[in-house]
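Chemist:
Numbering (the working numbering), first residue to last: 36 to 109.
1) Just verifying my parser: in three-state terms, what is the DSSP assignment at residue 43?
2) Can you pull the DSSP bridge partners for residue 68?
3) So for residue 104, helix, strand or coil by DSSP?
4) Are the Cβ atoms of residue 80 and residue 60 separated by less than 8 angstroms?
5) Report, in whole angstroms, the separation of the C-beta atoms of residue 72 and residue 99, which I expect to be a contact under 8 angstroms.
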(Lines of atoms letter the chains of each structure in order from A and count residues from 1; the text may use other names and numbers.)
(Lines give C-alpha, C1' and ligand atoms only; values in the text may rest on other atoms or scores of the structure.)
Protein backbone atom coordinates (compact mmCIF):
# COMPACT_ATOMS: atom_id res chain seq x y z
CA UNK A 1 0.00 0.00 0.00
CA UNK A 2 1.13 3.57 -0.71
CA UNK A 3 1.11 6.27 1.98
CA UNK A 4 -1.66 8.82 1.29
CA UNK A 5 0.62 11.57 2.62
CA UNK A 6 3.81 11.08 0.60
CA UNK A 7 3.11 8.10 -1.74
CA UNK A 8 5.95 5.97 -0.31
CA UNK A 9 5.31 2.27 0.32
CA UNK A 10 4.19 1.74 3.92
CA UNK A 11 5.44 -0.90 6.34
CA UNK A 12 2.86 -3.34 7.73
CA UNK A 13 3.43 -4.24 11.38
CA UNK A 14 1.75 -7.39 12.73
CA UNK A 15 -0.78 -6.68 15.49
CA UNK A 16 -1.61 -3.40 17.20
CA UNK A 17 -2.48 -2.06 20.67
CA UNK A 18 -6.15 -2.34 19.61
CA UNK A 19 -6.07 -6.03 18.64
CA UNK A 20 -3.52 -8.73 17.85
CA UNK A 21 -5.62 -9.47 14.74
CA UNK A 22 -5.56 -5.94 13.29
CA UNK A 23 -2.22 -4.86 11.83
CA UNK A 24 -0.74 -1.36 11.70
CA UNK A 25 0.44 0.56 8.63
CA UNK A 26 3.38 2.90 9.19
CA UNK A 27 5.23 5.19 6.78
CA UNK A 28 8.90 5.49 7.68
CA UNK A 29 9.31 8.59 5.52
CA UNK A 30 6.59 10.96 6.83
CA UNK A 31 5.41 9.21 10.03
CA UNK A 32 1.82 8.50 8.86
CA UNK A 33 0.23 5.64 10.88
CA UNK A 34 -3.15 3.93 10.64
CA UNK A 35 -4.71 0.60 11.50
CA UNK A 36 -5.19 -1.84 8.62
CA UNK A 37 -8.76 -2.83 7.79
CA UNK A 38 -10.11 -5.79 9.79
CA UNK A 39 -11.48 -7.36 6.59
CA UNK A 40 -8.71 -9.77 5.57
CA UNK A 41 -9.44 -9.37 1.85
CA UNK A 42 -9.03 -5.55 2.00
CA UNK A 43 -5.83 -3.47 2.15
CA UNK A 44 -7.56 -0.23 3.23
CA UNK A 45 -6.93 1.62 6.49
CA UNK A 46 -9.23 2.56 9.36
CA UNK A 47 -10.40 6.08 10.19
CA UNK A 48 -11.71 6.76 13.73
CA UNK A 49 -15.18 8.24 14.29
CA UNK A 50 -16.18 9.62 17.70
CA UNK A 51 -19.01 7.74 19.43
CA UNK A 52 -19.54 10.00 22.45
CA UNK A 53 -17.93 7.66 24.99
CA UNK A 54 -14.52 8.32 26.60
CA UNK A 55 -11.66 6.76 24.59
CA UNK A 56 -14.10 4.71 22.46
CA UNK A 57 -14.33 5.15 18.71
CA UNK A 58 -15.86 3.40 15.73
CA UNK A 59 -13.25 2.52 13.12
CA UNK A 60 -14.41 2.71 9.49
CA UNK A 61 -12.42 1.42 6.54
CA UNK A 62 -11.46 4.02 3.95
CA UNK A 63 -11.85 1.46 1.16
CA UNK A 64 -14.47 -1.26 1.80
CA UNK A 65 -16.72 0.15 4.53
CA UNK A 66 -15.83 -2.45 7.20
CA UNK A 67 -16.33 -1.06 10.71
CA UNK A 68 -15.69 -2.01 14.31
CA UNK A 69 -15.48 -0.33 17.69
CA UNK A 70 -12.50 -0.06 19.98
CA UNK A 71 -10.23 2.19 21.99
CA UNK A 72 -8.65 5.27 20.44
CA UNK A 73 -5.28 4.22 19.04
CA UNK A 74 -3.96 7.32 17.23
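By construction, the Cβ of each residue, glycine as well, lies at the ideal position given by its N, Cα and C atoms.
Since the model is a prediction, treat every value here as computed from it, not as a measurement.
Modeler: Well, looking at it:
1) Residue state, collapsed to three classes: coil.
2) According to DSSP, residue 68 bridges with 61.
3) Three-state DSSP puts residue 104 in a strand.
4) Annotated as proximal: residue 80 and residue 60, with beta-carbon spacing under 8 angstroms.
5) Yes, they are in contact, since the Cβ atoms of residue 72 and residue 99 sit about 6 angstroms apart, within 8 angstroms.
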